[in-house]
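Numbering (the numbering used here), first residue to last: 469 to 774.
A virtual CB, placed ideally from N, CA and C, is assigned to each residue, including glycine.
The structure presented is a predicted model; accordingly, all values stated were derived computationally and were not measured.
Read through the structure below, which is laid out as structure tokens, and then see the notes.
The structure is reproduced here in structure tokens:
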């Protein structure tokens with residue numbers, strides 16, 4: 469059984485990362501497959517359907533994202549002074565985390581996509597073929613530039629939401645798709661994604677708290693994504709109560725990665741700069757230089773068959 473070595477010093481987000489090697493990856497993929505097989509049949513119905521209907525999607529690259537999301541480990545305390553070998557920790561529990569996330573992923577994907585689309589490729593011409601209107605609104609989009617530390621940036625803009633133009637499942641599919649786009653970047657799979665929330669200009673009455681709770685559950689238990697940080701920009705008094713509720717739902721671990729920034733633009737930009745968020749990788753709405761064009765984004769994705 470291969471040991472998992474962890475970089476001894478946390479990075480700028482306070483996260484530790486496994487030191488990957490081809491041998492380690494192959495060993496852990498094999499153990500993950502065994503853990504998936506061991507899960508009772510009634511807990512992996514959607515996964516079994518996926519194995520029959522779209523086996524090409526359940527490849528090593530797909531499974532590796534889930535192992536990376538669980539950091540090849542169970543919850544352990546890290547020492548900043550040494551590299552840890554995790555052989556002494558409960559490996560069965562370790563791989564049940566990733567395996568359970570995979571089965572929950574397919575269960576949720578079946579729920580939000582339906583049997584007709586759940587097992588199609590997760591592309592604009594596949595499972596998202598009915599969601600171009602929702603995605604074109606721009607309430608969720610991956611920015612062109614990464615943070616200076618190499619993570620993809622996902623912009624969430626509640627002011628662009630319009631529930632008259634999509635169903636709740638359409639909204640969830642759009643968020644899932646956006647996160648899948650970020651996960652095409654292998655460095656983001658390893659290190660995590662950074663989420664920017666920009667509620668300025670939105671109406672709290674239009675905020676769908678139920679949908680937001682489902683997104684949080686997906687991120688925490690279904691989607692193969694690590695969350696490096698969530699930065700909420702200038703929420704204003706009207707959204708403060710809403711984000712207080714959101715912080716309650718996300719639990720203590722995620723709460724530590726949840727940052728709310730208020731004040732002048734220069735003050736906020738100074739606060740986020742230490743997280744690798746400079747003006748050239750922030751959208752203009754947040755005081756940066758980056759243009760956000762959802763329609764161009766979708767055109768590029770469609771042209772590349774994604």
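From what residue to what residue does the beta strand (DSSP E) around residue i run?
| i | result |
| --- | --- |
| residue 701 | 695-701 |
| residue 727 | 726-729 |
Express the C-alpha separation of residue j and residue i in angstroms, rounding to a whole number.
| i | j | result |
| --- | --- | --- |
| residue 605 | residue 771 | 19 Å |
| residue 601 | residue 492 | 42 Å |
| residue 666 | residue 683 | 16 Å |
| residue 766 | residue 603 | 8 Å |
| residue 735 | residue 656 | 27 Å |
| residue 660 | residue 537 | 8 Å |
| residue 681 | residue 640 | 11 Å |
Does DSSP classify residue i as helix, strand or coil?
| i | result |
| --- | --- |
| residue 621 | strand |
| residue 663 | strand |
| residue 507 | coil |
| residue 610 | strand |
| residue 545 | Unreliable placement is indicated for residue 545, whose pLDDT of 29 sits below 50; the coordinate value is still reported in the next sentence. Residue 545 falls in the coil class under three-state DSSP. |
Take residue i as the anchor and find which of the options has the nearest alpha-carbon.
| i | options | result |
| --- | --- | --- |
| residue 590 | 642, 507, 633 and 613 | 642 |
| residue 721 | 593, 648 and 696 | 696 |
| residue 635 | 745, 571, 580 and 755 | 580 |
| residue 698 | 723, 681, 690 and 692 | 723 |
| residue 637 | 569, 739 and 679 | 679 |
| residue 572 | 691, 597 and 653 | 691 |
| residue 498 | 599, 608, 515 and 567 | 567 |
| residue 481 | 597, 574 and 744 | 744 |
| residue 583 | 515, 478 and 727 | 515 |
| residue 618 | 592, 658, 496 and 763 | 658 |
How many whole angstroms separate the CB atoms of residue i and residue j, which I take to be in contact at a CB cut-off of 8 Å?
| i | j | result |
| --- | --- | --- |
| residue 650 | residue 628 | Residue 650 to residue 628, Cβ: 18 Å. No contact. |
| residue 752 | residue 759 | 7 Å |
| residue 587 | residue 518 | 6 Å |
| residue 615 | residue 539 | So it is not a contact: roughly 19 Å between Cβ atoms. |
Could you check if residue i belongs to the surroundings of the ligand NAD, using beta carbon to heavy atom distance under 8 Å?
| i | result |
| --- | --- |
| residue 583 | In the structure shown, the ligand NAD is absent, as is every other ligand, since no ligand is present at all. |
If you measure from the beta carbon of residue i to each beta carbon in chain D, is any gap under 9 Å?
| i | result |
| --- | --- |
| residue 764 | No chain D is part of this structure, which consists of one protein chain only. |
For the alpha helix (DSSP H) that contains residue i, what are its first and last residues?
| i | result |
| --- | --- |
| residue 767 | 762-771 |
| residue 595 | Premise fails: residue 595 is in no alpha helix (DSSP H) and is neither H nor E. |
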